[in-house]
């Protein structure tokens, strides 16, 4: 349904479960994809699976110089960055009473500041071509809060507010800026939960199941599509009804 | 006209999509050439790129007309 032929998309955190599905969705719609992440092995595997139109672009978002250079590398590889998906993120969970400055700063640096830097770098090309899509993966936690995740929730809420502000700045240039906020998604991380933990989580989800990474990918694909040109500054909640605006 | 003025004019014409003869010494980017605030930022960044200079924000605010831009760049380059 959605056609991204001729568009180039850079996806950060593409070595993770959700990031890989986002890349598959965009690639499946015809886009050329740049796969970024810290673990080169999974990125190379994904690129091999996708075949043509896939480029591996390793980057550590905790290193400002690498973040600054990434858009240039992606542009050299793909010719442009028409779609940027800020998906990469880290957690350093702990109750705030015992949260160290280091754990606070690490999460803010990678999840919020790197998103700012990468988005800023990607903007010029998009504004010049009068077409662009910036999509950041946030979290239900950024809207609802979660004990043990003050740093993560603050970073995700920060990305949401950044996106709304930027959406207003660049709307006249054909560039949209949106967020996708997943709830509980079945990934390697949630596989480690025991049955009791899973049961407690699912009791809060009206849909009665965890979401699939591909369901996040499909939401990103919609926001990246030409059809979503009039949607900007929005957050698409993909959470089975566990939290509603 | 100087080489700098020619290059500045080319950027302005391309970016704002205006006729070359509208870009006169006293032409204001916003009032006469139809630029919005985002255009003025993009113009400044294009000047920086073209001439390999840095234009600080407080200086950028003083660049209101084509003549202002040529003068600033001539002094800086």
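Chains as they are written, first to last, in the working numbering: chain A, 1 to 245; chain B, 1 to 77. Each residue gets a CB set at the ideal place from its N, CA and C atoms; glycine is no exception. On a predicted model such as this, the values are computed, not experimentally measured, just so you know.
The alpha helix (DSSP H) enclosing residue i, as first and last residue numbers
| i | result |
| --- | --- |
| residue 18/A | 17-28 |
| residue 108/A | 101-108 |
| residue 175/A | Run containing residue 175/A: none in the alpha helix (DSSP H); it sits in the beta strand (DSSP E), 175-182. |
| residue 64/A | 64-78 |
| residue 16/B | 3-16 |
| residue 42/A | 40-50 |
| residue 43/B | 37-51 |
C-alpha distance - residue i paired with residue j, whole-angstrom precision
| i | j | result |
| --- | --- | --- |
| residue 21/B | residue 40/A | 54 Å |
| residue 199/A | residue 93/A | 21 Å |
| residue 87/A | residue 66/A | 16 Å |
| residue 69/B | residue 47/B | 9 Å |
| residue 45/A | residue 3/A | 25 Å |
| residue 6/A | residue 80/A | 10 Å |
| residue 247/A | residue 133/A | Outside the shown range of chain A (1 to 245) lies residue 247/A, about which nothing can therefore be said. |
| residue 103/A | residue 214/A | 30 Å |
| residue 223/A | residue 55/A | 22 Å |
| residue 202/A | residue 232/A | 31 Å |
Helix, strand or coil at residue i according to DSSP, with G and I counted as helix
| i | result |
| --- | --- |
| residue 132/A | strand |
| residue 32/A | strand |
| residue 226/A | helix |
| residue 140/A | helix |
| residue 77/B | coil |
| residue 147/A | coil |
| residue 201/A | helix |
| residue 23/B | coil |
| residue 144/B | Look at the range of chain B in this structure, 1 to 77, and you will see that residue 144/B is not part of it. |
| residue 231/A | coil |
| residue 54/A | strand |
Limits of the unbroken beta strand (DSSP E) element including residue i
| i | result |
| --- | --- |
| residue 86/A | 83-86 |
| residue 235/A | 235-238 |
| residue 14/A | No beta strand (DSSP E) contains residue 14/A, which DSSP labels as neither H nor E. |
Near-chain B residues of the stretch 155-172 of chain A (beta-carbon distance less than 8 Å), N- to C-terminal order: If the cut-off is 8 Å between Cβ atoms, the stretch 155-172 of chain A has 169, 170 and 172 near chain B.
Chain B contacts from the stretch 113-136 of chain A (Cβ-Cβ distance under 9 Å): 124, 127 and 128
Within 8 Å of chain A by C-beta, residues of the stretch 33-47 of chain B in sequence order: 36, 38, 42 and 45
Three-pair Cβ contact test at 8 Å for the stretch 216-233 of chain A versus the stretch 25-32 of chain A: yes
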